[in-house]
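Residue 229 in the UniProt record's numbering is what sits at position 229 of the sequence shown, and the numbering runs on without skipping anything.
Note that the Cβ used here is the ideal one computed from N, Cα and C, for glycine as well.
Scroll down for the structure; my scribbles are underneath it.
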Amino acid sequence: MDKNEFLSKFDSLILNPVTRNIYGEDDFFNVGYWFSDTHNQQEACFNLMEKLLEFIPEKTGTILDVGCGLGATTSYLLKYYSPAEVLGINISSKQLERCRVNAPNCNFMEMDAVEMKFEDNKFDNIICVEAALYFDTREKFIKEAWRVLKPGGNLILADIISETTEDLGGLVVTQNIVKDFEAYKNLYQQQGFQQVELVKATEECWNKHYRHLKSWLQEQFKAGEIDEETYKFNVDAIDNLLKRALIDYALIAAKK
Ligand SMILES: C[S@@+](CC[C@H](N)C(=O)[O-])C[C@H]1O[C@@H](n2cnc3c(N)ncnc32)[C@H](O)[C@@H]1O
């Protein structure tokens, strides 16, 4: 798949009105983190940001949001960082237009995560929420993250580890597949990252998101918002996804 095909597929997915309806006004696009008392997708997306930011006890200096989507993750960072300290990058210029509306005081740049145009040792922190699975490759991104982070800087991610490219919307390249958690952790350690923490959160993130999505679809169907064919097609797809044990969701922290 070339870059234009990827962008066209991804932009239609993230900007699709049904997708946007699921996420509400904050424009996130990730599965979120679900506690037993989490009520909706927006709340789950806030929780995920909090879970990731817990990895950085002292929230000082600059932070780069890699694969910043429509700017919701970037905007959330303003809870802890001032706009001048926050920069978002995305490979999609179309999504960046929306970022600039959602987080008007932050800076955004069109850039590929595996080929960053920054000088060495620039950032204190890097966050990457559910984007690394789409890179060509994650390994190249980790190398770039190492280069642009200051010594002692933090890299934090929410990432999906899958043994196959199936079920991921045809948007993941084969060379980005990682065999298991051990191989995944090695990618960071081989680059030189220290204190690599890997927290498996498949149940709290992936499974609970899709269960919630099933109930949401059911409500939409009952309310006449979607037709039976769309409802059945999506519920079947989710059931298949939940049956497979090939996908793991992880929260990761590492230090340069
Ligand atoms: C699932 S979305 C997550 C968006 C956002 N972080 C969030 O959680 O709401 C993945 C994002 O990664 C971006 N992306 C994919 N490949 C990229 C690359 N090579 N370089 C930079 N961004 C990329 C996509 O355009 C999309 O915005």
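Extent of the continuous beta strand (DSSP E) to which residue i belongs
| i | result |
| --- | --- |
| residue 46 | Residue 46 -> not in any beta strand (DSSP E); alpha helix (DSSP H) instead, spanning 41-53. |
| residue 253 | 247-255 |
| residue 128 | 123-129 |
| residue 135 | Per DSSP, residue 135 belongs to no beta strand (DSSP E) and is neither H nor E. |
| residue 114 | Counting along the chain, residue 114 falls outside any beta strand (DSSP E), and DSSP gives it neither H nor E. |
| residue 90 | 86-90 |
| residue 27 | Note, residue 27: premise wrong, no beta strand (DSSP E); not H, not E. |
| residue 63 | 63-66 |
Rounded distance between the beta-carbons of residue j and residue i, thought under 8 Å
| i | j | result |
| --- | --- | --- |
| residue 158 | residue 30 | 7 Å |
| residue 99 | residue 70 | 6 Å |
| residue 6 | residue 171 | 7 Å |
| residue 51 | residue 251 | 6 Å |
| residue 197 | residue 253 | 4 Å |
| residue 242 | residue 207 | 6 Å |
| residue 177 | residue 163 | 7 Å |
| residue 273 | residue 88 | Look at the range of the chain in this structure, 1 to 256, and you will see that residue 273 is not part of it. |
Rounded straight-line distance, which links the Cα of residue j to that of residue i
| i | j | result |
| --- | --- | --- |
| residue 54 | residue 21 | 29 Å |
| residue 216 | residue 121 | 44 Å |
| residue 131 | residue 68 | 8 Å |
| residue 12 | residue 124 | 33 Å |
| residue 185 | residue 227 | 43 Å |
| residue 168 | residue 150 | 33 Å |
| residue 80 | residue 127 | 13 Å |
| residue 135 | residue 19 | 22 Å |
| residue 73 | residue 42 | 11 Å |
| residue 49 | residue 111 | 22 Å |
| residue 255 | residue 220 | 44 Å |
| residue 90 | residue 34 | 26 Å |
| residue 114 | residue 218 | 39 Å |
| residue 209 | residue 32 | 7 Å |
| residue 200 | residue 161 | 10 Å |
| residue 61 | residue 78 | 12 Å |
Where the alpha helix (DSSP H) through residue i begins and ends
| i | result |
| --- | --- |
| residue 143 | 138-148 |
| residue 96 | 93-102 |
| residue 18 | 17-23 |
| residue 33 | Where residue 33 is concerned, there is no enclosing alpha helix (DSSP H), given that its DSSP letter is neither H nor E. |
| residue 72 | 72-76 |
9 Å Cβ cutoff, residue i in contact with chain B
| i | result |
| --- | --- |
| residue 103 | The structure shown contains no chain B; it holds only a single protein chain. |
> Counting only runs that start and end within the region 164-230, where is the alpha helix (DSSP H) found for 4 or more residues in a row?
Replying inline: 181-191 and 208-222
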